[in-house]
Structure formats: structure tokens, C-alpha cells
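Residue numbers (mature numbering (1 follows the signal peptide of the UniProt record, and there is no 0)): -24 to -1, 1 to 313.
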């Protein structure tokens, strides 16, 4: 074997070993610096359809972020990233109704590292997480699903829109029902208090209007009083002695002829059933009662005066007849003599 062939073989071995070390180092960095994403309820087929859009959005944000923060990306200056630098290390796989996938971000084809880079071939995982967090809302809109985890950080799950369509109307129905029950109880309580007040007021009015009133007057007529006078005079038997009728006999429980024209007062039972009257009507009733009372007293006085007058007249007539008899008796005796 010639010396040239030997040198060629040695050079090829050195190159292959160098490239092997490079590829081995790049693969290990991709594994170490990859970031796992969890996408809620997304299927593998849907992920495959949306993967190109996902890579485009991540590459655009990486170019913007690394231009403004080159040191954080491990570069000396900003470089242009394309979708080819965004790769999927593992996945997708379904776990607990969610899709999990690990992604990494290679350096651009032409790049220069910073003075103290943490990686040689890929962007570090912390920077990748920051880039994805910055565009998470855009990624969720593009994918049509929610990202619940970025690495180990839990982002959260918003309420399902379909569930909201069910829960929101139910919540409003319950709210209106509670308000309606509260209003109904309040009105029922007010009615109950009002009924209790009206009942108490009626009881007070019934107590005031429930006084016992005579339904007829206790007065005797002039003939009965004269008979009483004659009977008393006969019992006494004394000539020339004036005897007045007993006062309490004038109020015998008999209907008065003189007051029969006046309308009778209503009975207590009838008066309770009378509607509630106004203040003017009550005042008018009081005046009417006072008028009737005065009329009754006046009639009683007139009746007593007439009885007394009749008694005096009858007494005077009897005394005159007796005196006349006494004067006639001696004349008859003188005639006989």
C-alpha cells in the first residue's frame, strides 16, 4: 500500500471521528435543551396539520427576541431564524387527554457565539421557554387548543366554551329565582304585617263602638203617671196633703210615646258591622247623640212637669170640693132646725 493511500485513510478516519463527535454533541444538546409542551385535548393528527404553522410562529419570535437579547440566546448578535431551526425531539404522544411534545431551537446556519455561550449548537431551554411564553396566545389561536404546560410551569385551563354556554344560563336562572323568592317573601311579610295592623285597628274600633246603648227610652205617659198619682193619694188618705208620684216609677221600661218618632239607635251587633267611617261622619254622629240626649231630657222634664201640674190641679179641685161640702153642711142643719 502506498504512502498516499495510508494518509488518505488516516484523514478520513480523523474527519469521521470529528463529525461523529460534533453530531453526538448536537444531539445531546437537543435532548438537554428541549422544552416539553402540553396541549389540552389536541390529537396527533391535528398536531401534524398545525406543525408547520407552529414552527413559523416560533422562528419569527426567536428572530425578534434574539435580536433584542442576543446574549440570552448565546449569540454575539442577532441572526435570522427559520422554521427549519425549530425541531421536534420527542412526540407527539397522548397522555391524560393531552398531547405532549418536546421541541428545540437550533442556531441559524450562519451564527457567531457570544463570549461565554452555554451551548454550542442550540438555544438554551430557558430562552426557548421565554420565546414560547411570549407568543402563547398566538400559538393557542393557531392550534385551536390551550397550552397547559410549558416545561414544568403550569399555565392553567380556561373554562370550556361549550361548558360556559350551559353554565352561564343556569347561573342566571338560579340568580333570578333567588331574587324572585326574596321579593316574594318580602311582599308576603309586608302583607302579613298590614293584615295584623288592620286586625288590631278593627279590634280597637270595635271596643270603642261596642258600648251598650238603650234601644228605647224609659218613660211613662201622662195617663199612667196620673194613675200612679191617684193611687198614691188614695193610699195616703190625707185631705189637703199633696203627694207627688215616686220618681223611679216614671222610668218604667216602656217605650215612650213622645220619642217614638225618633229613629232607634242601632244595636251593638249591627253597629259592629257598620263600615269604617271618616272623622267627619264620627263627629256628626256625636252631635246627633248629644242632640237626642238633650231631647230626651227635655221630654222627661216636660212629662214630669205635666204630671206635676195635673196632680196639683186635681188636688186643688178636690180641696175646693171638700171646702164647698163643708160650707153646705151647716146650711142644711140650720134649715132642719
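C-beta: ideal position from N, C-alpha, C; glycine also. From a predicted model like this one, the values you see are computed outputs, not experimental measurements.
Just curious, the beta strand (DSSP E) that residue 74 is in, first and last residue?
Boundaries of the beta strand (DSSP E) harbouring residue 74: 74 to 81, taken from the DSSP string.
Got a sec? Which residues, its chain only, sit under 6 angstroms from residue 5 by beta carbon, not counting five neighbours each side?
Only 95, 97, 98 meet the Cβ criterion.
Whole-angstrom Cβ separation of residue 35 and residue 62, contact assumed at under 8 angstroms?
Yes, residue 35 and residue 62 are in contact; Cβ-Cβ is about 5 angstroms, under 8 angstroms.
Helix, strand or coil: how does DSSP classify residue 56 here?
Reduced to three states, the DSSP call for residue 56 is coil.
So is residue 166 buried or exposed if we call it buried at 16+ other beta carbons inside 10 Å?
So residue 166 ends up on the exposed side.
Nearest-angstrom Cα separation, counted from residue 157 out to residue 150:
Residue 150 and residue 157: Cα-Cα distance of roughly 11 angstroms.
Is it right to say residue 292 is buried, meaning 16 or more other beta carbons lie within 10 angstroms of its own, or is it exposed?
Residue 292 is exposed by the Cβ-count criterion.
What would DSSP say about residue 236, mapped onto helix, strand or coil?
Any reading at residue 236 needs caution, since the residue's pLDDT is 48, under 50, leaving its predicted position unreliable; the model's value is listed next. In the three-state scheme derived from DSSP, where H, G and I count as helix and E and B as strand, residue 236 is classed as coil.
Cβ neighbour criterion (16 or more within 10 Å) applied to residue 164
The residue in question, residue 164, is exposed, as its Cβ has fewer than 16 Cβ neighbours within 10 Å.
Beta strand (DSSP E) runs wholly inside the segment 15 to 72, at least 3 long, in chain order:
Entirely contained in the segment 15 to 72, the beta strand (DSSP E) runs reaching 3 residues are, in chain order, 62 to 71.
Exposed or buried, what is residue 225 when buried is set at 16 or more other beta-carbons lying within 10 Å of its beta-carbon?
In this prediction, residue 225 has a pLDDT of 46, which is less than 50 and means its spatial position is unreliable; what the coordinates show is noted afterwards. Looking at its Cβ environment, which holds fewer than 16 other Cβ atoms inside 10 Å, residue 225 is exposed.
Quick check: what's the CA-CA separation for residue 132 versus residue 122?
Taking the straight line from one Cα to the other gives about 9 angstroms.
Beta-carbon proximity check, residue 33 vs residue 125, cutoff 8 angstroms:
No, the pair does not count as a contact, with Cβ atoms beyond the cut-off.
Excluding five sequence neighbours on each side, which residues of the same chain lie with their C-beta closer than 7 angstroms to the C-beta of residue 114?
Within the same chain, residue 114 has close Cβ partners 33.
Residue 124: first and last residue of the uninterrupted beta strand (DSSP E) it sits in
Counting along the chain, the beta strand (DSSP E) containing residue 124 begins and ends at 123 to 126.
In chain order, what residues of the same chain have a beta carbon less than 6 angstroms from the beta carbon of residue 68, not counting five sequence neighbours either side?
The beta carbon of residue 68 sits closer than 6 angstroms to those of 20, 23, 75, 77, all from its chain and outside the five residues before and after it, given in chain order.
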